[in-house]
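Residue numbers for the sequence shown follow this note's numbering, beginning at 1 and rising by one.
All C-beta atoms, glycine included, are put in the ideal place defined by N, C-alpha and C.
Everything numeric in this text was worked out from a predicted model, so none of it was measured.
This report concerns only the one structure given below.
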Amino acid sequence: MRSEWLKKLALMLVIGMTAFGVVACDNDEGPAEEAGESVDDAMDNAGDSMENAGEDIQDAAEDAQN
1 MRSEWLKKLA LMLVIGMTAF GVVACDNDEG PAEEAGESVD DAMDNAGDSM
51 ENAGEDIQDA AEDAQN
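Okay, structure coming up:
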């Protein structure tokens with residue numbers, strides 16, 4: 001009898017936590033998240049620019065050697 005009650009309680013807890021997880025994962029981004037994404041994008045763009053600049057310097061050095 002007690003094990004059936006514990007199984008039902010465990011099932012209710014799992015269902016409750018799943019429902020809470022779904023509700024907590026909304027797509028409404030606040031200003032801090034939007035700012036963080038902007039910083040991430042800026043850092044990615046800066047990294048790409050640095051990589052391109054490095055490749056350009058490498059190409060120029062190879063052309064100078066030839």
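Any idea what DSSP makes of residue i, helix, strand or coil?
i     : result
Gly30 : coil
Asn66 : coil
In chain order, what residues of the same chain have a beta carbon less than 6 Å from the beta carbon of residue i, not counting five sequence neighbours either side?
i     : result
Glu34 : none
Asp56 : none
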